[in-house]
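My numbering puts the first residue of the sequence shown at 176, with every later residue one more than the last. Built from N, CA and C at the ideal position, the CB exists for glycine as well. Have a look at the structure below, then the notes.
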Amino acid sequence: MNMRRAVDFILRLFLLTSLIMPTTAAAQDTVNTALVECYISPGQVHYGCIPVHSTRSKVFSRFTVKYYVEPQHLWKSVSVGSDSVLNTAMLGYSIVSSGTIADSNIIDYQGTMNTGSYAIILSRTWNPALNPPAFDGWNLAGNLYPSGSDFESSAWLLENVDPTIYYFDGVNYKPYNRVDHMGNGSSVIPSMQGFFVHVTSGNTGAISVDNSTRVHSLQPYYKKSAILNDLLTLEADGNGLSDETFIQLDSNASLHFDGQQDAYKLFGIVSSPQIYSVISDTFASINVLP
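So, in structure tokens, the structure goes:
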């Protein structure tokens, strides 16, 4: 699968000024005012995250932008006027460009670049509209730094959240489980990349991150996992598209779905083939068996 084709996302970062100034956040000593340009391939859905402290939704005037509201179990559109939700750190957005001219597909984020420590509270609520009714728990978050972030860093803190992030490449979801080091996503979350996470149980969860997770690399969006033992990777191809699922043998694994080792199957676009395994009544993209 050609990830560069599936998600053509280019970061161009221009430091306009670098100022040393007082700040109320102890973790933030240097504040950079910058223009961060993000190119979005036309016609494809991209999950993104805002890399500056504050922005106005007018930067999305040429795009269709939505965010997922877990308690209401729906996508809500962002208006081009002022909207405070655009200043929520680590919140992810679904972004689609309909432009045909290259410059019209560029989002210009200008402001103080994100640096320091951040956290976002996540929710898990009952959804009676599901068949059968069940808890939702899916939250769209993202890497808010103008650099990559290592999801396997101990500074990526997950509170009541499964250790898997789910990228979307415009066709299918790509999971990466940091316990198994498994999946066709990446352990390094690209700059401004959005992703889904799942709250494990109860009503709330949280994720937090700090500067120690940041990495600087020319690594494209996704990288393959390390070579793992007793791993079976299955691929389905059709319509010029493909999907993968992963099955691994581990004597310590459970026969039941385990959010620490297994990963849910999130379905991609209708024209793409979908492949998965089933654990009890749960569709799985990663299945670790004893």
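Express the C-alpha separation of I215 and P365 in angstroms, rounding to a whole number. If you number the sequence shown from 1, residue 365 lands on position 190. If you number the sequence shown from 1, residue 215 lands on position 40. Cα-Cα distance, rounded: 14 Å.
Kindly list the residues whose CB is nearer than 6 Å to the CB of G446, restricted to its own chain and excluding five residues on each side of it in sequence; keep chain order. Residue mapping note: residue 446 aligns to position 271 of the sequence shown, counting from 1. Residue 446 is actually Ser in this sequence, not Gly. Beyond the five residues adjoining it in sequence on each side, S446 comes within less than 6 Å, by CB distance, of N414 in the same chain, given in chain order.
Mind the definition here: the segment 427–445 touches the segment 334–346 only if three or more C-beta pairs lie below 8 Å; say whether that holds. Short answer: they touch.
How should L430 be labelled, buried or exposed, when 16 other C-beta atoms within 10 angstroms of its C-beta is the threshold for buried? As a first step, residue 430 must be located in the sequence shown, where it is residue number 255. So L430 ends up on the exposed side.
Fully enclosed by the segment 266–351, which beta strand (DSSP E) runs are 3 residues long or longer? List check, beta strand (DSSP E) in window: 267–272, 281–287, 293–298, 313–317, 323–325, 332–334 and 339–343.
Among residues of its own chain, excluding the 5 on either side of L407, which ones have a beta-carbon nearer than 6 Å to its beta-carbon? Counting from one through the sequence shown, the residue named residue 407 turns up at place 232. I422.
Among H221, G218, T239 and S229, the one whose alpha carbon lies nearest that of T208: As a first step, residue 208 is located in the sequence shown; it is residue number 33 there, counting from the start. Ranked by Cα distance from T208, the options H221, G218, T239 and S229 are led by S229.
Does the segment 299–316 come close enough to the segment 356–376 that 3 or more CB-CB pairs lie under 8 Å? Touching, yes.
Along the chain, where does the beta strand (DSSP E) that runs through Y242 open and close? Along the sequence shown, read from residue 1 onward, the residue named residue 242 stands at position 67. Following the DSSP letters along the chain, one finds Y242 inside the beta strand (DSSP E) bounded by residues F238 to V244.
Got a sec, what are the start and stop residues for the beta strand (DSSP E) V463 sits in? Looking up residue 463 in the sequence shown gives position 288. First-last of the beta strand (DSSP E) with V463: T457 to L464.
Minimum C-alpha distance to K241 - residue among L319, V271 and N306: Sequence index remark: in the sequence shown, residue 241 carries index 66 (1-based). If we check each option's Cα against that of K241, V271 comes out closest.
Just the C-alpha distance for D412 and L441, rounded to the nearest angstrom, thanks. Within the sequence shown, numbered from 1, the residue matching residue 412 stands at position 237. Within the sequence shown, numbered from 1, the residue matching residue 441 stands at position 266. Between the alpha carbons of D412 and L441 lies a gap of roughly 17 Å.
Counting along the chain, where does the beta strand (DSSP E) carrying Y222 start and finish? Sequence index remark: in the sequence shown, residue 222 carries index 47 (1-based). Note, Y222: beta strand (DSSP E), V220 to C224.
Leaving out five residues on either side along the sequence, give the residues of the same chain with a beta carbon under 8 Å from the beta carbon of C224. Translated into positions along the sequence shown, residue 224 becomes position 49. Only M265, L266, G267, Y268, A316, G317, N318, L319, M367, Q368 and G369 meet the Cβ criterion.
D325 beta carbon less than 8 Å from that of S362: As a position in the sequence shown, residue 362 is number 187, starting the count at 1. As a position in the sequence shown, residue 325 is number 150, starting the count at 1. Cβ atoms of S362 and D325: closer than 8 Å.
So, are the CB atoms of V255 and S273 less than 8 Å apart? As a first step, residue 255 must be located in the sequence shown, where it is residue number 80. As a first step, residue 273 must be located in the sequence shown, where it is residue number 98. No, the pair does not count as a contact, with Cβ atoms beyond the cut-off.
Give me the Cα-Cα distance between T388 and E327, rounded to the nearest whole angstrom. Looking up residue 388 in the sequence shown gives position 213. Looking up residue 327 in the sequence shown gives position 152. Cα to Cα, the separation comes out at about 8 Å.
Buried or exposed (CB count within 10 angstroms, at least 16 for buried), T487: Residue 487 lies beyond the range of the chain shown here (176 to 465); nothing can be said about it.
Taking buried to mean at least 16 other C-beta atoms within 10 Å of its own C-beta, is W331 buried or exposed? Position 156 of the sequence shown, counted from the first residue, corresponds to residue 331. By the 16-neighbour rule on beta-carbons within 10 angstroms, W331 is buried.
Report the option in T275, N427 and E419 whose CA atom is closest to the CA atom of S452. The sequence position of residue 452 within the sequence shown is 277, counting from 1. Taking each of T275, N427 and E419 in turn and checking the Cα distance to S452, the smallest one comes out for E419.
Would DSSP call I362 helix, strand or coil? Against the sequence shown, residue 362 aligns to sequence position 187. According to the sequence as given, residue 362 is Ser; it is not Ile. Coil, per DSSP.
Classify I276 as buried or exposed, calling it buried when 16 or more other Cβ atoms lie within 10 Å of its own Cβ. By 1-based counting over the sequence shown, the position of residue 276 is 101. Exposed, because fewer than 16 other Cβ atoms sit within 10 Å of the Cβ of I276.
Between which residues of its own chain and A304 is the CB-CB distance below 7 Å, once the five residues before and five after are set aside? The sequence position of residue 304 within the sequence shown is 129, counting from 1. Cβ neighbours of A304 beyond the five flanking positions: H248.
Taking the beta carbon of G380 as the centre, do at least 16 other beta carbons fall within 10 Å, making it buried, or is it exposed? Indexing the sequence shown from 1 puts residue 380 at position 205. Buried is the label assigned to G380, since at least 16 other Cβ atoms lie within 10 Å of its Cβ.
Any heavy atom of the ligand GTP closer than 7 Å to the CB of F370? Judged by which ligands are present, the structure shown has none, so any question about the ligand GTP falls away.
Opposing strand residues paired with Q231 [DSSP bridges]: Position 56 of the sequence shown, counted from the first residue, corresponds to residue 231. Reading off the sequence, residue 231 comes out as Arg, not Gln. Its beta-bridge partners do not exist; DSSP assigns none.
Does DSSP classify S452 as helix, strand or coil? Here residue 452 refers to the residue found at position 277 when the sequence shown is read from its first residue. In the structure shown, S452 sits in a strand (DSSP, three-state: E or B).
Taking the DSSP output, what are the residues bridged to V384? Sequence index remark: in the sequence shown, residue 384 carries index 209 (1-based). V384 pairs with Y293.
Our contact map puts L403 next to H356 with C-beta atoms below 8 Å; I'd like the distance itself, whole angstroms only. Taking the sequence shown and counting its residues from 1, one reaches residue 403 at position 228. Taking the sequence shown and counting its residues from 1, one reaches residue 356 at position 181. Between L403 and H356 a beta carbon distance of about 7 Å is seen, short of the 8 Å cut, so the two are scored as contacting.
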